[in-house]
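In the working numbering, each residue's number is its place in the sequence shown (first place is 1) plus 16. Backbone N, C-alpha and C fix where the C-beta goes; we use that ideal spot for every residue, glycine too. Notes follow the structure.
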Amino acid sequence: MSPLFIVFEGIDGSGKSTQARMFHAYLRSLHMDPVLLMEPSPGEWGKKIRTLLSGSVVPPVEEMLELFLRDREDDSRRNIIPALDSKKSVVMDRYFHSNAAYQGAMGLEADRILSENRRRSFPEPDRVYFIDVPPVTALRRISERNKGEHRDIFEKRAFLEKVREIFLAMADDSFLIIDGEKPEHEIHTMIIEDFQNRFDIFA
Ligand code: ADP
Ligand code: TYD
């Protein structure tokens, strides 16, 4: 079977990292030797981005766009493309739709951001699982996860509402929108059912 590129998206606190990890474990159980990656990546640009996000000042949006694009260039060249070339499936926790939704919510045009990404020929996802939750739920989960401590600059209700709207407006045939308020295992089962129906994994 050809390697697949599966992306998990959602607002902060939606539960997408939990689902990406569960899905990665599922692919391993099929002996597929998958790779689990995330953006911002753990590389040089991703580290810079995380430092900025945990600060108190929101950097200019064009600067943020540039940093995320550099991080994605680096991640795709060093991790995503080599994995797919060596026939490993890739499970991604955030990818370029996050770029359009977040930097779109910061004021840029989401379509322009999608075009900037596609112009760079980053691999296209085979499927995007969008874990959809209202910001109130997401923010409650974040404070429980962080034990009420520091929040990143994007973790504000009105902002996340905008991010969610842009994600939903971008959803094309590659997206499956999933109710993220369901229990973790129910969400996982829905994802696996979709995956098995859509891809001939035992071919
Ligand atoms: P994200 O990567 O979208 O920020 P996480 O996967 O880290 O979200 O989940 C945020 C918090 O919510 C974690 O503490 C996680 O255990 C919890 N969580 C994840 N999925 C669910 C769910 N379906 N129902 C309730 N809590 C969840
Ligand atoms: P992440 O660590 O996935 O956050 P969380 O686990 O809380 O969901 O991502 C960090 C932040 O980076 C998140 O608020 C979304 C933002 N982001 C962008 O603004 N643009 C992008 O292109 C990407 C990949 C992430």
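What residues match up with residue i in a beta bridge as DSSP calls it?
i: residue 24; result: 109 and 145
i: residue 51; result: 106
i: residue 195; result: 148
With a CB to CB cut of under 7 Å and the five nearest residues on each side skipped, what residues in its chain are close to residue i?
i: residue 206; result: 194
i: residue 132; result: 85
i: residue 171; result: 28, 155 and 158
i: residue 208; result: 42
Quick one: what's got a C-beta closer than 6 Å to residue i's C-beta in the same chain, skipping five residues either side?
i: residue 24; result: 32, 35, 36, 109 and 145
i: residue 142; result: 20 and 21
i: residue 75; result: 68
i: residue 126; result: 116, 120 and 182
Is residue i near ligand 1, going by C-beta to nearest heavy atom under 8 Å?
i: residue 165; result: no
i: residue 160; result: yes
i: residue 33; result: yes
i: residue 173; result: no
i: residue 137; result: no
Out of the options, which has the shortest C-alpha to C-alpha gap to residue i?
i: residue 123; options: 189, 52, 173 and 78; result: 78
i: residue 52; options: 22, 88, 62 and 68; result: 22
i: residue 83; options: 69, 152, 96 and 94; result: 69
i: residue 67; options: 150, 18, 168 and 90; result: 168
i: residue 58; options: 74, 46 and 90; result: 90
i: residue 201; options: 18, 30, 26 and 38; result: 38
i: residue 136; options: 26, 93, 165 and 106; result: 93
i: residue 181; options: 153, 134, 116 and 104; result: 116
Could you pull out every residue in the same chain whose Cβ sits closer than 8 Å to the Cβ of residue i, ignoring the five residues on either side in sequence?
i: residue 147; result: 24, 25, 26, 30, 31, 32, 35, 194, 196 and 203
Give every residue whose Cβ lies closer than 5 Å to any heavy atom of ligand 2, listed in chain order.
Put simply, the residues with a CB less than 5 Å from any heavy atom of ligand 2 are 28, 55, 84, 110, 114, 115, 118 and 170, in chain order.
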